[in-house]
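Read the structure below first, then the notes.
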Amino acid sequence: MKQESWFRPYVTANFWRFLLIAMLGVLTVLFACMLMFTSGYLISKSALRPENILMVYVPTVGVRTFGIGRAVLHYAERLVGHDTILRILSRMRLRLYRILEPQALRLTSRYRTGDLLGVLSDDIEYLQDVYIRTVFPSFVALVLYAGVIAAAGRFDPGFALLLALYVAVLVFVLPLISLLLTKRKNREMKQARNRLYQKLTDAVLGMHEWYVSGRQQQFLTGYEEDEAEVDRTDRALKRWARLRGFIGQTVVAVTVVTVVYVAGKEYAGGSLDVTLIAAMVLAVFPLMDAFLPVSEAVERIPLYGQSVQRLKAIGHGEGSATTGYPEQLSLSRGEVDAVIRSGAHIKLEAVSFQYDANGTDAAHSAHSPAAPSPDAAEAAYSTTAHSPDPADAAYQPEAADTAYQPEATDAAHSARWAGATASGCLDKGTHALRDISLDVPAGAKVAVIGRSGAGKSTLLQLIQGVLAPSSGTVTIGGTDAARFGDDISSVISVLNQSPHLFDTTLANNIRLGRPDATEEDIRQAAAMAQLTTLVDSLPDGLHTRMQEAGQRFSGGERQRVALARILLQKSPVVILDEPTVGLDPRTERELLSTIFSSLQDRTLIWVTHHLVGVEQMDEILFLEQGKVVMRGTHDELMERCPRYRGLYRLDRPGA
Numbered sequence: 001m002k003q004e005s006w007f008r009p010y011v012t013a014n015f016w017r018f019l020l021i022a023m024l025g026v027l028t029v030l031f032a033c034m035l036m037f038t039s040g041y042l043i044s045k046s047a048l049r050p051e052n053i054l055m056v057y058v059p060t061v062g063v064r065t066f067g068i069g070r071a072v073l074h075y076a077e078r079l080v081g082h083d084t085i086l087r088i089l090s091r092m093r094l095r096l097y098r099i100l101e102p103q104a105l106r107l108t109s110r111y112r113t114g115d116l117l118g119v120l121s122d123d124i125e126y127l128q129d130v131y132i133r134t135v136f137p138s139f140v141a142l143v144l145y146a147g148v149i150a151a152a153g154r155f156d157p158g159f160a161l162l163l164a165l166y167v168a169v170l171v172f173v174l175p176l177i178s179l180l181l182t183k184r185k186n187r188e189m190k191q192a193r194n195r196l197y198q199k200l201t202d203a204v205l206g207m208h209e210w211y212v213s214g215r216q217q218q219f220l221t222g223y224e225e226d227e228a229e230v231d232r233t234d235r236a237l238k239r240w241a242r243l244r245g246f247i248g249q250t251v252v253a254v255t256v257v258t259v260v261y262v263a264g265k266e267y268a269g270g271s272l273d274v275t276l277i278a279a280m281v282l283a284v285f286p287l288m289d290a291f292l293p294v295s296e297a298v299e300r301i302p303l304y305g306q307s308v309q310r311l312k313a314i315g316h317g318e319g320s321a322t323t324g325y326p327e328q329l330s331l332s333r334g335e336v337d338a339v340i341r342s343g344a345h346i347k348l349e350a351v352s353f354q355y356d357a358n359g360t361d362a363a364h365s366a367h368s369p370a371a372p373s374p375d376a377a378e379a380a381y382s383t384t385a386h387s388p389d390p391a392d393a394a395y396q397p398e399a400a401d402t403a404y405q406p407e408a409t410d411a412a413h414s415a416r417w418a419g420a421t422a423s424g425c426l427d428k429g430t431h432a433l434r435d436i437s438l439d440v441p442a443g444a445k446v447a448v449i450g451r452s453g454a455g456k457s458t459l460l461q462l463i464q465g466v467l468a469p470s471s472g473t474v475t476i477g478g479t480d481a482a483r484f485g486d487d488i489s490s491v492i493s494v495l496n497q498s499p500h501l502f503d504t505t506l507a508n509n510i511r512l513g514r515p516d517a518t519e520e521d522i523r524q525a526a527a528m529a530q531l532t533t534l535v536d537s538l539p540d541g542l543h544t545r546m547q548e549a550g551q552r553f554s555g556g557e558r559q560r561v562a563l564a565r566i567l568l569q570k571s572p573v574v575i576l577d578e579p580t581v582g583l584d585p586r587t588e589r590e591l592l593s594t595i596f597s598s599l600q601d602r603t604l605i606w607v608t609h610h611l612v613g614v615e616q617m618d619e620i621l622f623l624e625q626g627k628v629v630m631r632g633t634h635d636e637l638m639e640r641c642p643r644y645r646g647l648y649r650l651d652r653p654g655a
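Note that full-length UniProt numbering has the sequence shown beginning at 1, numbered continuously upward.
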């Protein structure tokens, strides 16, 4: 489906408003010219000492009329113009958020945070300026150019030709030169600012690491160097702006001198009254003020083009295109409710997932902007640093590991894993998962273990329908996971490393799980999440504000608030994406105990680096290089797999 333009629809929808704005702009300049013309005439006439005051009465009224009229027209033009543009800006932002919202689960893996910040702040603002600073001034200048030359032609064709050449320098020649000279500099400026955005957001997110490593000065030095580069480019652009302004004012001065010369010549020939010489000269200044901004307006065009291209790139993810399903194939609310009532049986059959050469998923490379490689996607999906990982330790598998092939588990086990193998590697970082089969009936508890980049987060994204498999199928309740679209949050809840908490009350943060929840529902969810003691200790109880990102509370308390939100949501499946990362061992054990007890009636898929609590899982899956290399219950793996036994003892020295 052809993507809608970021420019044409808004022009079409506001055509008559745009026409009104342009007319008001032209009238504003004409009234300014007439104000200066009548003022010059009034001054000249008064200097000649007219015999009767009535001789200057009409120009006096004209000065008042044009003076008030110019102010009113200018105000009306600005009022209508900004009202229209702000309406357009609002619709653009809404459109952008509607594009980004369905991609919420994949944003960090597909875009840099700094790039998104640049799009949301700079690019939309640039598209606002395309109307105010480029379209309207340029249109007004062209209309006035044609009108002035036509009017001057009736007075003196030779003078009209000369005036046309002067104004052409301001309207055509200087803008073209300005565009050619500043195009590269503006591009460099935009790229440098994007680098600053990226570096700053990365530094803010990783501030703790900078302090721990003692490399704060290194960051500051690098950031200051980038700022200096931006400053150098900015100074170069300002130098050209000053030179361009000087050239423009020189053209204005030459035009004024020419008008004085032509008017004096006409006066000497007896065809022009002496009182009109000053009037004609003064009328030139507001007219030239309408032509001077054209150069700046034109040189900004490449910036608008770059902004539109970035918005189009993000727009490729609009709707459900990234999942491979058109909107008409999405599930109805009734179908989603039926899956929820059935318990949301999750099943993967021979699933493989591969990134293409550009880093995008092979299934949707035509629709998606450049995305990171599998390893980068794993890191991006888990946005905070994690504590030391026993699975990453330099533990070499024993010979028994490669020979180990787990027997079929007991039928009572809640999950079935197939496709396990201990041999084989991924193709140079392109395969995230290969030949994974999984059967998780309602109520199953499954742990997924593996080092960073093993494919854990890719597996979660496939289950959530964020990504479509390169081969094989992923179904929830017998329906392709990608078809759930935005409704997937009704089926699957996610408790990740750093759940976002808003600067509002504790109750409102929990209520996000179900907006129509009553106060009693919220209290019950808080009690199940073991928050009762905390709530009772707060000055306003559930109505205590949490401060930005929940900074008022500890890491464990923030996770419990997020858990209460999930409990309120009542989705049949809960994904635990390393929720205990960064917590001390005691808090970790207490939080896991709360999670397992409160979610005992739901399907759990737990991604973890630690082996604390895995004994409570029905099945354990160990991923390595996109393949299942170990699977079974905790007891089975401890008995049959020396590698798992070593990792478990490494993580639990006292076990």
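Ideal Cβ positions, reconstructed from N, Cα and C, are used throughout, including at glycine.
All of these numbers come straight from a predicted model, not from anything done at the bench.
Checklist entry - Secondary structure at G443, three-state DSSP: helix, strand or coil? => result Correct three-state label for G443: coil.
Checklist entry - Given that a residue counts as buried once 16 or more other Cβ atoms are within 10 Å of its Cβ, and exposed if not, what is M55? => result Classification for M55: exposed.
Next on the checklist: With H, G and I counted as helix, E and B as strand and the rest as coil, what does DSSP make of D503?
Outcome noted: Three-state result, D503: coil.
Next on the checklist: Measuring straight from C-alpha to C-alpha, what distance separates L116 and K183?
Outcome noted: Using only the alpha carbons, I get a separation of about 23 Å.
Checklist entry - Is the distance from the Cβ of V140 to the Cβ of A32 below 8 Å? => result Cβ atoms of V140 and A32: not closer than 8 Å.
Checklist entry - So does the stretch 279-299 actually touch the stretch 163-177, counting three or more Cβ pairs closer than 8 Å? => result Touching, yes.
Checklist entry - To the nearest angstrom, how far is it from the Cα of T84 to the Cα of V11? => result Straight-line Cα distance between these residues: approximately 10 Å.
Checklist entry - Mapping DSSP to helix, strand and coil, what is D487? => result Reduced to three states, the DSSP call for D487 is helix.
Checklist entry - Are at least three pairs of beta-carbons, each pair with one atom in the stretch 567-579 and one in the stretch 488-506, less than 8 Å apart? => result Yes: the two stretches touch, three or more of their Cβ pairs being nearer than 8 Å.
Checklist entry - Does the count of Cβ pairs from the stretch 525-534 and the stretch 589-599 closer than 8 Å reach three? => result Short answer: they touch.
Checklist entry - Would you call Q217 buried or exposed, if buried means 16 or more other Cβ atoms sit within 10 Å of its Cβ? => result Q217 should be labelled exposed.
Item to check | Close-in-space but distant-in-sequence residues of the same chain around I340 (CB under 7 Å, 5 per side omitted) | outcome: Here the set comprises S490, V491, P572.
Checklist entry - Which residue from E188, Q191, T221, F291 puts its Cα closest to that of A203? => result T221 is the residue among E188, Q191, T221, F291 whose C-alpha sits nearest the C-alpha of A203.
Checklist entry - What's the gap between the Cα of S471 and the Cα of S457? => result When rounded, the distance between both Cα atoms is 18 Å.
Checklist entry - In terms of DSSP beta bridges, what is T473 paired with? => result Answer is E349.
Checklist entry - Which partner residues does I605 have in the DSSP bridge list? => result DSSP, once it has assigned bridges, lists V446, I575 as partnering I605.
Checklist entry - Under 8 Å, do residue 659 and A444 count as touching if we go by C-beta distance? => result Outside the displayed range of the chain (1 to 655) lies residue 659, so it cannot be described from this structure.
Next on the checklist: Excluding the 5 residues flanking R70 on each side, which residues of the same chain have their C-beta closer than 7 Å to its C-beta?
Outcome noted: So the list reads T28, F31, A32, L35, once near-sequence residues are dropped.
Next on the checklist: Let me confirm a value: F15 is counted as buried when at least 16 other C-beta atoms fall within 10 Å, else exposed. Which label applies?
Outcome noted: Under this definition F15 is an exposed residue.
Next on the checklist: Spatial neighbours of I566 within its chain, please: C-beta separation below 7 Å, excluding the five flanking residues on both sides.
Outcome noted: The residues are S493, L495, G513, V574.
Checklist entry - Smallest Cα separation from R193: which of E225, T479, W606, E520? => result Comparing C-alpha distances from R193 to each of E225, T479, W606, E520 shows the shortest one belongs to E225.
Checklist entry - What residues are listed by DSSP as bridge partners for H431? => result H431 pairs with Q354.
Checklist entry - Which residue or residues does DSSP assign as beta-bridge partners of D480? => result Looking at the DSSP output, D480 bridges to T475.
Next on the checklist: According to DSSP, is G269 part of a helix, a strand, or is it coil?
Outcome noted: Collapsing the DSSP output to three states places G269 in coil.
Next on the checklist: Along the chain, where does the beta strand (DSSP E) containing R631 start, and where does it finish?
Outcome noted: Taken as a continuous stretch (DSSP letters only), the beta strand (DSSP E) holding R631 covers 627-632.
Item to check | Candidates I277, L196, Q191, V230: closest to K45 by CA position | outcome: Minimum Cα distance to K45 is reached at I277.
Checklist entry - With V260 and V281 assumed to form a contact (beta carbons below 8 Å), what rounded beta-carbon distance in angstroms separates them? => result About 6 Å separates the Cβ atoms of V260 and V281, confirming a contact at the 8 Å cut-off.
Checklist entry - Closest by CA to I99, which one among L647, L196, K312? => result Of the listed residues, the one whose Cα sits closest to I99 is K312.
Checklist entry - Considering I492, what are the terminal residues of the beta strand (DSSP E) in which it resides? => result Annotation for I492: the continuous beta strand (DSSP E) segment containing it runs 492-495.
Next on the checklist: Check for me: the beta strand (DSSP E) holding E624 runs from which residue to which?
Outcome noted: Looking at the DSSP string, the run of the beta strand (DSSP E) that includes E624 is 619-624.
Next on the checklist: Can you confirm whether the stretch 435-454 touches the stretch 603-611 when touching is taken to mean that 3 or more C-beta pairs between the two stretches lie within less than 8 Å?
Outcome noted: The stretch 603-611, when compared against the stretch 435-454, does touch it at the 8 Å Cβ threshold.
Item to check | C-alpha gap between L438 and V629, whole angstroms | outcome: When rounded, the distance between both Cα atoms is 14 Å.
Item to check | Length of the line joining the Cα atoms of R17 and L243 | outcome: In this model, R17 and L243 are separated by some 35 Å (Cα to Cα).
Item to check | Through-space distance from L621 to S423, alpha-carbon basis | outcome: With a pLDDT of 31 at S423, under the threshold of 50, the modelled position of this residue cannot be trusted; read the value that follows with caution. Rounded to the nearest whole angstrom, the C-alpha separation of S423 and L621 is 16 Å.
Item to check | Residues of its chain near A517, where Cβ-Cβ distance is below 6 Å and the 5 sequence neighbours each way are ignored | outcome: Answer for A517: R511, L568, listed in chain order.
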